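Asker:
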Amino acid sequence: MTNASVQTSAPAVDRDMFVDAAHGSQAFDGAIYELHGTMAAAAEVRVKMARDGLTALPVLCMEVRPIHGGHGRTLHAEQTYPEDGREAAEAKAATLKKGTPITLLTSLKDMRTILPHVQAVEPSLPA
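Per the working numbering, the very first residue in the sequence shown carries number 880; after that it's consecutive.
1) Could you check the C-alpha separation between P1056 and A1006 for me, to the nearest Å?
2) If contacts are defined as beta-carbon pairs under 8 angstroms, then E913 and T974 qualify, I think. What distance do you get, rounded to the angstrom?
3) By the DSSP assignment, the alpha helix (DSSP H) with A920 in it spans what residues?
4) For Q958, list the residues DSSP reports as bridge partners.
5) Once DSSP output is grouped into helix, strand and coil, what is the label at A900?
6) Answer with buried or exposed for A935, where buried requires no fewer than 16 other C-beta atoms within 10 angstroms of its C-beta.
7) What's the C-alpha gap between M928 and Q998?
8) Can you tell me which residues form a DSSP beta bridge with K1026?
9) Taking its Cβ as the centre, do 16 or more other Cβ atoms sit within 10 Å of A970, making it buried, or is it exposed?
10) Considering only residues of the same chain and omitting the five flanking positions on each side of E966, which have a CB-CB separation below 6 angstroms?
11) Would L939 and A922 be called neighbours here (beta carbons separated by less than 8 angstroms)?
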């Protein structure tokens, strides 16, 4: 574990789960966050290519419903294992069934937001 964890429990007012309450701004990449939730589906192990384009890495893929601040949404979380870590990833996935309560420790570095229900796309005028 780490010394720099922050719990993302929301106060009575439902706020964004990644807002820095002390400073009222979006969280910075260097912090480690603790997120509590439940598995929305059983975990799966997939493969992604490392940056070198030659090495296949096992990735534990999870669909999680945050307990606080998730607004009923599901988030996708991934834990990348070393090249020889497929067996460990499969063993972990076997323990993460739908409905299992979990705690994730993560940074927001490289976090992406995906909008799966875009209704239309229109060109904008240059600023």
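Glycine included, each C-beta is placed from N, C-alpha and C at the ideal position.
Just so we're clear, the structure is a prediction, and the values are computed from it rather than from any experiment.
Answerer: Walking through what the data contain:
1) The first residue shown for the chain is 880 and the last is 1006, placing residue 1056 beyond what the model contains.
2) Residue 913 sits at position 34 when you count from the first residue of the sequence shown. Residue 974 sits at position 95 when you count from the first residue of the sequence shown. Contact doesn't hold; Cβ gap of about 19 angstroms is too wide.
3) Position 41 of the sequence shown, counted from the first residue, corresponds to residue 920. That residue, A920, is in no alpha helix (DSSP H); it is neither H nor E in DSSP.
4) Within the sequence shown, the letter at position 79 stands for residue 958. In the DSSP output, where bridge partners are listed per residue, Q958 has L939.
5) Start at 1 with the first residue of the sequence shown, and residue 900 comes out as number 21. Residue placement at A900 is flagged as unreliable, the pLDDT there being 46, under the threshold of 50; the coordinate-derived value follows with that caveat. Three-state DSSP puts A900 in coil, outside helix and strand.
6) Stepping through the sequence shown from its first residue, residue 935 is reached at position 56. With fewer than 16 Cβ atoms within 10 Å of its Cβ, A935 is classed as exposed.
7) Here residue 928 corresponds to residue number 49 of the sequence shown, with the count starting at 1. Here residue 998 corresponds to residue number 119 of the sequence shown, with the count starting at 1. Between M928 and Q998, the C-alpha separation is close to 32 angstroms.
8) Given that the chain is displayed from residue 880 to residue 1006, the structure contains no residue 1026 and the question cannot be resolved.
9) On the sequence shown, position 91 is the one that residue 970 refers to. Classification for A970: exposed.
10) Within the sequence shown, numbered from 1, the residue matching residue 966 stands at position 87. So no residue of the chain qualifies.
11) Counting from 1 along the sequence shown, the entry for residue 939 is found at position 60. Counting from 1 along the sequence shown, the entry for residue 922 is found at position 43. Taking 8 angstroms as the Cβ cut-off, L939 and A922 qualify as a contacting pair.
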